[in-house]
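Asks:
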Amino acid sequence: MAKRKILVVEDNIYNMKLVRSLIKLGGYDILEAESAEDGLALLGENKPDLILMDIQLPGMDGLSATRQIKETEGIKDIPVLALTAYAMKGDKKRVIEAGCAGYITKPIDTREFLNIIEGYIPGSPPESRKPETYANNEEHRPPIEEVTCFKHKILIVDDDPLNVKLLRAKLKNNVFSTIAAYNGQECLDIVREESPDIILLDLMMPGIDGFEVTKILKANEKTKSIPIIHITALDSHEDKAKALAVGADEFLNKPINTKELMMRIRSLLRLRNYQQQLNTRKQSELHFFNEDASNAYDFDDIKATCSILVADTNEKDVAFLQESLQPFCREILVTQSGKDAIALSETKHIDIVLLDIPLSDMNGHEVCKQLKRMDKTRNIQVITVTSQIDLESKIKSIEYGTDDYLVKPVNKLELQARIKSSIKKKAYLDILVSKYETAFNTSITDQLTGLYNHAFFEHYIHLELHRCLEQKQYVALMMIDIDNFKQVNDTYGHQTGDRVLKAVADTIRANVREIDVCARYGGEEFVVVLPYADQCNGAGIAERIRTAIEKTKDDYGVQGGVGRITVSIGLAVCPSDARQVTELVRCADMAMYEAKHKGKNQTVYTKQQAEI
Numbered sequence: 293m294a295k296r297k298i299l300v301v302e303d304n305i306y307n308m309k310l311v312r313s314l315i316k317l318g319g320y321d322i323l324e325a326e327s328a329e330d331g332l333a334l335l336g337e338n339k340p341d342l343i344l345m346d347i348q349l350p351g352m353d354g355l356s357a358t359r360q361i362k363e364t365e366g367i368k369d370i371p372v373l374a375l376t377a378y379a380m381k382g383d384k385k386r387v388i389e390a391g392c393a394g395y396i397t398k399p400i401d402t403r404e405f406l407n408i409i410e411g412y413i414p415g416s417p418p419e420s421r422k423p424e425t426y427a428n429n430e431e432h433r434p435p436i437e438e439v440t441c442f443k444h445k446i447l448i449v450d451d452d453p454l455n456v457k458l459l460r461a462k463l464k465n466n467v468f469s470t471i472a473a474y475n476g477q478e479c480l481d482i483v484r485e486e487s488p489d490i491i492l493l494d495l496m497m498p499g500i501d502g503f504e505v506t507k508i509l510k511a512n513e514k515t516k517s518i519p520i521i522h523i524t525a526l527d528s529h530e531d532k533a534k535a536l537a538v539g540a541d542e543f544l545n546k547p548i549n550t551k552e553l554m555m556r557i558r559s560l561l562r563l564r565n566y567q568q569q570l571n572t573r574k575q576s577e578l579h580f581f582n583e584d585a586s587n588a589y590d591f592d593d594i595k596a597t598c599s600i601l602v603a604d605t606n607e608k609d610v611a612f613l614q615e616s617l618q619p620f621c622r623e624i625l626v627t628q629s630g631k632d633a634i635a636l637s638e639t640k641h642i643d644i645v646l647l648d649i650p651l652s653d654m655n656g657h658e659v660c661k662q663l664k665r666m667d668k669t670r671n672i673q674v675i676t677v678t679s680q681i682d683l684e685s686k687i688k689s690i691e692y693g694t695d696d697y698l699v700k701p702v703n704k705l706e707l708q709a710r711i712k713s714s715i716k717k718k719a720y721l722d723i724l725v726s727k728y729e730t731a732f733n734t735s736i737t738d739q740l741t742g743l744y745n746h747a748f749f750e751h752y753i754h755l756e757l758h759r760c761l762e763q764k765q766y767v768a769l770m771m772i773d774i775d776n777f778k779q780v781n782d783t784y785g786h787q788t789g790d791r792v793l794k795a796v797a798d799t800i801r802a803n804v805r806e807i808d809v810c811a812r813y814g815g816e817e818f819v820v821v822l823p824y825a826d827q828c829n830g831a832g833i834a835e836r837i838r839t840a841i842e843k844t845k846d847d848y849g850v851q852g853g854v855g856r857i858t859v860s861i862g863l864a865v866c867p868s869d870a871r872q873v874t875e876l877v878r879c880a881d882m883a884m885y886e887a888k889h890k891g892k893n894q895t896v897y898t899k900q901q902a903e904i
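The numbering of the sequence shown is this note's numbering, which starts it at 293 and goes up by one.
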């Protein structure tokens, strides 16, 4: 089913930025116009489901445009909501007489905006706006990383323009922007200038071929972490082995399956993000620890060994997997039962599950879904290994959270390459979740909440902003303040206040991504640093936190409870709102205070925008 469209006619770029973010967050497509004339022209080519019309516009005003819409066949039934900065006496009458179905006042109430517009669009809200969207146990919750306005930059390298065009078409409607290079030297030049997030690289090119390009990039300290996918018509085992030997992260044969390409790209982007964040945190810790303490974990020396669980009913396939994986394993467990696979994953330390779809007692998709829903098992890397090659099975596996997908008969070299990648990803996740959640050293930890302390945050945010600007990426900063906290302390005592602080900290930590950094800023204020997040992405995480805190049921050790606890959240983004740490913190702080002044228990985004 096609997404529903909303036409927004607004001449203020900051208001348009905010409305655009909210509409995308709500799961709708947006059409944009800066004048009534442009809006009417768009209506000649498109039929949106709703129109948001600013009243004060250059040239024709919004109410005149609305009257014209209501007199035109084919579009007169489209509901129009007026956007007004005044909401003065008589405004409602004016907009209704002009033909508007209602109006929204500025500054826009971000908590109610989507609920208001959904009341004027027929049918149920998009999947991303159903009430359980941000629930922790929601079955089909879309990754919060994908709720975003900015696009990851993909470099496509191929000497055949038609191949470049085909790949661009595959990536066009996803969260990617594409740039192209048509030979190896051009690729190297663009990588230095553009810092792409991932490279799709053809192997057979004139001059410097794909193998040599990969070798050069992987030998350079500044470019070695950029994931490279070799895309080629070459399909021999020798070619694949050579590609992996020079440092390729993935190898895909032409013609490319779009869903598989998307899965490989997203998997590699997650792996790169984990690695970058671990390196940044390691640098931050070096500021506080001596060298011996910081070397307690070395990200560049992760041992390629793990515990693997094979869930498969075919004895020959199991024997092949055991023989192929022996060099990488501390332990290999085998079962034919999906229920046993889930039980073993819960009770033993399992790093990777190789999972066939048909099992003796249940479907492998259901096993994967259950593993990804449980806190104890969600970081286990699940690789579907099956003879079911139809596209529907692949799509279903992706939807249920599989980390990788291999088709039988499996090539041994490819299997081993996937296992190596999965071992690294699992190790990064274990360090992020385990070492950092336990907050093992008091010099970087707030003792009450277990979050990072203010000193660690200050050092980390400087490093993260430097990385963000160098790599031309986004990072968001969230400032969170507990509403009416002084009243809690004054009424129930500081011990109860401490329980509230601890509970709020636990809720914040439970509702962010693995790569996000949470810290206690001071008193009842918290900060969250959100790498690779723009305003749309940050807004989704902020609302998830705010809603979870509001819905928390806890008496905090007081008979009858202390009442509902809520928070006000301010959000700022580098580089669109600020490029310096002090300015970014100031922007987030100002937005948080605006949330307080507007009635508390809400999220406010910054309204200014700096040059990117």
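Glycine included, each C-beta is placed from N, C-alpha and C at the ideal position.
Quick one: which unbroken beta strand (DSSP E) runs of 3-plus residues sit fully inside the region 731-812? Chain order, please.
Replies: DSSP runs (the beta strand (DSSP E)) wholly in the region 731-812: 767-774.
Asks: Within the continuous alpha helix (DSSP H) that includes residue 882, where are the two ends?
Replies: Taking the sequence shown and counting its residues from 1, one reaches residue 882 at position 590. Note, residue 882: alpha helix (DSSP H), 873-889.
Asks: Could you check the C-alpha separation between residue 607 and residue 637 for me, to the nearest Å?
Replies: Numbered from its first residue, the sequence shown carries residue 607 at position 315. Numbered from its first residue, the sequence shown carries residue 637 at position 345. If you take the alpha carbons of residue 607 and residue 637, they lie about 21 Å apart.
Asks: By how many angstroms is the C-alpha of residue 364 removed from the C-alpha of residue 340?
Replies: For the purposes of this step, residue 340 is identified with residue 48 of the sequence shown, where counting begins at 1. For the purposes of this step, residue 364 is identified with residue 72 of the sequence shown, where counting begins at 1. Cα to Cα, the separation comes out at about 14 Å.
Asks: Determine the burial state of residue 316: buried for a count of at least 16 other Cβ atoms within 10 Å of its Cβ, exposed for fewer.
Replies: As a position in the sequence shown, residue 316 is number 24, starting the count at 1. Flag for residue 316 reads buried.
Asks: Alpha carbon to alpha carbon, how far is residue 799 from residue 612?
Replies: As a working note, residue 799 is residue 507 in the sequence shown. As a working note, residue 612 is residue 320 in the sequence shown. Computed Cα separation, rounded: 44 Å.
Asks: Could you have a look at residue 609 and say whether DSSP puts it in helix, strand or coil?
Replies: Taking the sequence shown and counting its residues from 1, the one referred to as residue 609 is at position 317. In the structure shown, residue 609 sits in a helix (DSSP, three-state: H, G or I).
Asks: State the DSSP-derived secondary structure class of residue 345, mapped to helix, strand or coil.
Replies: Working through the sequence shown from its first residue, we reach residue 345 at position 53. It is a strand residue.
Asks: Return the residue from the list 399, 331 and 448 that minimises the CA-CA distance to residue 311.
Replies: Locating residue 311 in the sequence shown gives position 19, where the first residue counts as 1. Residue 399 is the option with its Cα nearest to residue 311.
Asks: Given a cut-off of 9 Å on the beta-carbon distance, is the pair residue 762 and residue 821 in contact?
Replies: Translated into positions along the sequence shown, residue 762 becomes position 470. Translated into positions along the sequence shown, residue 821 becomes position 529. It is not a contact, given that the beta carbons lie outside the stated cut-off.
Asks: In angstroms with no decimal places, state the Cα-to-Cα distance between residue 630 and residue 513.
Replies: Working through the sequence shown from its first residue, we reach residue 630 at position 338. Working through the sequence shown from its first residue, we reach residue 513 at position 221. Residue 630 and residue 513: Cα-Cα distance of roughly 43 Å.
Asks: Does DSSP put residue 704 in a helix, in a strand, or in coil?
Replies: Numbered from 1 along the sequence shown, position 412 holds the residue referred to as residue 704. Reduced to three states, the DSSP call for residue 704 is helix.
Asks: Would you grab the beta carbon distance between residue 906 and residue 646 for me? Rounded to a whole angstrom, and I think it's under 8 Å.
Replies: Summary: the structure shown does not reach residue 906, with the chain confined to residues 293 through 904, and so no result is reported for it.
Asks: Exposed or buried, residue 318, counting other C-beta atoms within 10 Å across all chains shown (16 or more means buried)?
Replies: Within the sequence shown, the letter at position 26 stands for residue 318. By the neighbour-count rule (16 or more Cβ atoms within 10 Å), residue 318 is buried.
Asks: Which of the three DSSP states, helix, strand or coil, is assigned to residue 453?
Replies: Here the question's residue 453 lines up with position 161 in the sequence shown. Residue 453: helix per DSSP, three-state reduction.
Asks: So the candidates are 809, 795 and 850; which of them puts its Cα closest to the Cα of residue 783?
Replies: On the sequence shown, position 491 is the one that residue 783 refers to. Minimum Cα distance to residue 783 is reached at 850.
Asks: Measure how close the beta-carbons of residue 873 and residue 753 come, nearest whole angstrom, since I'm counting them as under 8 Å.
Replies: Residue 873 sits at position 581 when you count from the first residue of the sequence shown. Residue 753 sits at position 461 when you count from the first residue of the sequence shown. About 5 Å; that satisfies the 8 Å criterion.
Asks: Hey, out of 505, 496 and 462, whose CA is closest to residue 479's CA?
Replies: Numbered from its first residue, the sequence shown carries residue 479 at position 187. Comparing Cα positions, the closest option is 505.
Asks: Would you kindly work out how many angstroms separate the C-alpha atoms of residue 407 and residue 643, rounded to a whole number?
Replies: As a position in the sequence shown, residue 407 is number 115, starting the count at 1. As a position in the sequence shown, residue 643 is number 351, starting the count at 1. The straight-line gap from Cα to Cα measures roughly 42 Å.
Asks: What does residue 324 pair with, by DSSP beta-bridge criteria?
Replies: Counted from its first residue, the sequence shown places residue 324 at position 32. BP columns for residue 324 point to 300.
Asks: Could you please give me the residues that DSSP links to residue 447 through a beta bridge?
Replies: Numbered from 1 along the sequence shown, position 155 holds the residue referred to as residue 447. Note: residue 447 sits in a beta bridge opposite 471 and 491.
Asks: On the three-state DSSP scale, how would you describe residue 866?
Replies: The residue you call residue 866 lines up with position 574 of the sequence shown. Strand at residue 866.
Asks: Report back the beta-carbon spacing between residue 524 and residue 496 to the nearest angstrom; my notes put them in contact at under 8 Å.
Replies: For the purposes of this step, residue 524 is taken as the residue at position 232 of the sequence shown. For the purposes of this step, residue 496 is taken as the residue at position 204 of the sequence shown. At roughly 7 Å, the Cβ-Cβ gap stays under 8 Å, so residue 524 and residue 496 are in contact.
Asks: Please state whether DSSP places residue 856 in a helix, a strand or coil.
Replies: Translated into the one-based positions of the sequence shown, residue 856 becomes position 564. Coil, per DSSP.
Asks: Any contact of the region 347-358 with the region 865-882, i.e. 3+ C-beta pairs under 8 Å?
Replies: Judged by Cβ distances under 8 Å, the region 347-358 makes no contact with the region 865-882, as fewer than three pairs qualify.
Asks: Could you work out which residue in 328, 545 and 809 is closest to residue 736 when comparing CA atoms only?
Replies: Position 444 of the sequence shown, counted from the start, is the residue given in the question as residue 736. It is 809 whose Cα lies nearest to the Cα of residue 736.
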